[in-house]
Amino acid sequence: MKKDKRNDSGRVKEWRFAISLFAIYWGVLLLMSGIHMGLIVMMEELQWNDFVKSCIPMLYWGAVAVGLTMFTRQKIKSTYEDPLHKMAEAAKKVAEGNFSVYVPTVHTADKLDYLDVMILDFNKMVEELGSIETLKTDFISNVSHEMKTPISIIKNYAELLQAEQIPEETRIEYAASLEDTAARLSSLIGNILKLNKLENQRIMPEMETYDVCRQLCECILQFEEAWEEKGVELETEIEDAAMVKADSSLMELVWNNLLGNAVKFTEAGGSVTVSQTSDESYIRVAVSDTGCGMSRESLQHIFDKFYQGDTSHSREGNGLGLALVKRVLELLDGDIQVVSEEGKGSTFTVTLPATDIRKAKGGVS
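According to the working numbering, the sequence shown is numbered sequentially starting from 718.
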């Protein structure tokens, strides 16, 4: 017997026919043999002719063979054919695009056999296909929605620029709006392509050992103009050096997303804090802000593709940044946690495995 890995309390039988079937056949054959002997004795006592004595046993055992054949046929039908026919019908419906089908198991959970396990796996596969189909539909709907807005803006400004006698100042303003909208559309398409490659593992991380503190400082400097223009105070608590083994280009994407969100959602007069700590096992980087924060419902969906807590879409963004961050960290054996409260800001904490610099340089101690 083979134990079902999904059910520690039960076992999965490796055969479909019950052992009791042998007892049934044995008992039937013994009974039929006894009746056969009784027929022989009866024919001898009645002194039937030899032709009848030869025909009756043949007819009798022919009837026994027919009965046993019909019984065996019924057992095969109920044991194999009926469940397989149900699976074949369900597979046909799935092939036609119906992912709501369900095939019931032949036995209860405590008496599963290998065909029941195959049915359970089939049901799980259909459920997963249904989820993928739903995700695909939602993805297409979200992409269409996100692209529709910038395309409409580009179309409107292009029509306005065609107007005669348009003031130079207005023309420059319209052109700047076109450039910003085109950049947003380009960012959306770029993020979609990156996320698709990451999810399909077509981007293989190029692991290297480097100083994450230096990388953080470089990323922070890229946002210097943004926080100064917005009037946001930046505070840092970063060690002199901390070595990690990761893909530096992918981690740069992580830091830029988290820092960009912190600046974007923090109002003038607020502050953004970047703190980094490390121990022998892990390096932790926390990006905190005093911005608008998030509701409990938003916290449950922030890593979903195209999810935006700001339902008005008044702030720049397309809801793919944190989905990218999550996927990158999964590929690099990292983790991200978030703590947030409406009106009080948010804190995103990234955890990465630490690297022993001595081992990184060849294992010399």
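Just so it is clear, CB atoms sit at the ideal spot from N, CA and C, and this is done for glycine as well.
Residue of the options minimising C-alpha distance to residue i
i     : options                    : result
T822  : D838, L776 and C936        : D838
D799  : D833, T825 and V811        : D833
E1047 : M921, C936, G986 and E945  : M921
E845  : Y831, F816 and C934        : F816
L878  : I868, E890, P867 and S869  : E890
T898  : Q882, M864, L910 and V929  : M864
Q1054 : I955, E876 and R1001       : R1001
L738  : A812, N978 and T796        : T796
L785  : L746, N978, K841 and Q1017 : L746
F788  : A893, E806, E886 and Y742  : Y742
W778  : H802, E876 and I752        : I752
G847  : E813, L1016 and L801       : E813
Identity of the residues DSSP links to residue i by a beta bridge
i     : result
D928  : M960
V1067 : V1002 and I1053
G1062 : E1058
S988  : E950
S995  : I1000
Cβ-based burial, residue i [other Cβ within 10 Å; buried from 16]
i     : result
S1031 : The predicted model places S1031 with a pLDDT of 42, which falls under 50 and marks its position as unreliable; any figure quoted below should be read in that light. By the 10 Å Cβ count, S1031 comes out exposed.
C772  : exposed
V758  : exposed
S1029 : In this prediction, S1029 has a pLDDT of 40, which is less than 50 and means its spatial position is unreliable; what the coordinates show is noted afterwards. Exposed.
A740  : exposed
D996  : exposed
N1035 : Here the model assigns N1035 a pLDDT of 49, short of 50, so the residue's position is not dependable, and the following value carries that caveat. Buried, because 16 or more other Cβ atoms sit within 10 Å of the Cβ of N1035.
S1057 : buried
W944  : buried
K841  : exposed
Q764  : exposed
V980  : buried
Q932  : buried
N766  : exposed
Cβ pair residue i, residue j closer than 8 angstroms
i     : j     : result
L938  : V989  : no
G948  : G1010 : no
L1049 : A963  : yes
D1006 : T983  : yes
G1038 : N974  : yes
V781  : V818  : no
G986  : G1062 : no
E925  : S965  : yes
C936  : E969  : yes
L1085 : I871  : The chain is shown from 718 up to 1082; residue 1085 falls before or after that span and cannot be answered.
V1045 : V971  : yes
V820  : I836  : yes
P774  : L756  : yes
L976  : F940  : yes
M760  : K770  : yes
6 angstroms CB neighbourhood of residue i in its chain, flanking five on each side removed
i     : result
A1003 : S992, T1064 and T1066
V1042 : V971 and N974
A807  : V818 and V820
P884  : none
Proximal residues to residue i (C-beta, below 8 angstroms), its chain only, five neighbours per side dropped
i    : result
S998 : P1070 and A1071
C930 : I955, E956, D957, A958, A959 and Q993
R888 : L878
I736 : none
Cβ-based neighbour list, residue i, same chain, cut-off 7 angstroms, excluding 5 preceding and 5 following
i     : result
T1068 : Y999, R1001, G1051 and D1052
E923  : D964
K803  : V820
Residue i Cβ short of 7 angstroms to the ligand ZN heavy atom set
i    : result
Y797 : You won't find the ligand ZN in this model; it holds no ligand whatsoever.
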